[in-house]
Structure formats: C-alpha cells, structure tokens
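The block underneath contains the structure these notes are about, expressed in structure tokens.
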C-alpha cells in the first residue's frame with residue numbers, strides 16, 4: 091500500500107531489488123524505505139536520496155553502502171561494461187555489477203526529472 095504514492099519508476103526500481111538475486115531484499119528495502127519516507131513530498135529528492143545508497147555523490151575511492159553490504163556477503167566487484175549508456179568508470183561509488191546497473195537507472199531518471207522530461211514506465 092505504501093507504494094501507491096511512489097513514482098512508477100521508483101516502484102520498478104523497488105521491484106528489481108525485491109525480486110532479483112544478489113542479497114537480502116528486506117535489508118535493502120528497509121534502508122530505502124527510510125529515505126523514501128523522509129522525502130515523501132518530493133519524487134526527485136527520493137531518487138537522489140536512494141541514489142546516495144548506491145554511490146551517488148560519493149567521494150572518489152569510497153564504496154557505497156549497498157556495495158559494502160554486497161561485498162560483506164560475498165559478491166564481487168570490478169566489472170567494466172556500460173550500463174544504460176553510462177560507462178562503468180563513470181559510476182563511481184558503485185562497484186558491484188548489479189549496483190552499477192541500479193545507479194545508472196537512478197541517474198537516468200534523476201537527469202530526466204531535472205530536465206522536466208516525462209518518465210514513462212512500460213509494461
């Protein structure tokens with residue numbers, strides 16, 4: 091029920107976290123839920139706040155909270171591919187493959203929102 095007020099692109103993002111492998115969804119969703127609630131009146135700030143968990147605005151050489159969590163449970167880092175047209179080396183902070191994919195998604199949504207573009211989620 092809490093998801094009904096979320097931007098459709100955030101619902102897609104959360105669905106990925108819940109249903110795609112990697113590590114425990116409950117921990118990830120709980121961290122994100124706190125940020126969503128603290129920015130409940132502003133979709134753009136919700137995306138930016140969640141992006142910080144995945145490495146948005148992270149100091150060079152640092153790892154995101156989500157990467158640290160993934161590494162703690164045995165995931166590996168070091169991939170070099172392109173994610174949603176963003177080269178891996180530009181996704182600083184996110185070092186795990188799936189987290190780079192997630193950060194690239196968030197960055198594209200954030201940039202589109204900042205430019206006033208409509209974001210359409212297609213089934």
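Residue numbers (the numbering used here): 91 to 213. Note that beta-carbon positions come from the ideal geometry of N, C-alpha and C, so glycine has one too.
Which of helix, strand or coil DSSP assigns to residue i
i: residue 177; result: strand
i: residue 172; result: strand
i: residue 202; result: helix
i: residue 167; result: strand
i: residue 148; result: coil
Rounded distance between the beta-carbons of residue j and residue i, thought under 8 Å
i: residue 154; j: residue 148; result: 6 Å
i: residue 118; j: residue 134; result: Not a contact, Cβ separation roughly 21 Å.
i: residue 69; j: residue 186; result: An answer regarding residue 69 cannot be provided, because it is not within the stretch 91 to 213 covered by the chain.
i: residue 104; j: residue 122; result: 7 Å
Cβ-based neighbour list, residue i, same chain, cut-off 6 Å, excluding 5 preceding and 5 following
i: residue 125; result: 139 and 140
i: residue 144; result: 154, 156, 184, 189, 192 and 193
i: residue 93; result: 101
i: residue 173; result: 190, 191 and 194
Residue i - containing alpha helix (DSSP H), residue span
i: residue 157; result: 155-162
i: residue 98; result: 98-109
i: residue 129; result: Unbroken run through residue 129: none, as it is neither H nor E.
8 Å Cβ cutoff, residue i in contact with chain D
i: residue 138; result: Absent from the structure is chain D; it holds one protein chain and no more.
Neighbourhood of residue i by C-beta, 7 Å cutoff - its chain only, sequence neighbours within 5 removed
i: residue 150; result: 182
i: residue 176; result: 194 and 197
Cβ-based neighbour list, residue i, same chain, cut-off 8 Å, excluding 5 preceding and 5 following
i: residue 136; result: 96, 97, 100, 125, 126, 129 and 130
Check whether the region 95-102 and the region 202-211 touch, using three or more Cβ-Cβ pairs below 8 Å as the test.
Using a Cβ-Cβ distance cut-off of 8 Å, the region 95-102 and the region 202-211 are in contact, since at least three pairs of beta carbons, one from each stretch, lie closer than that value.
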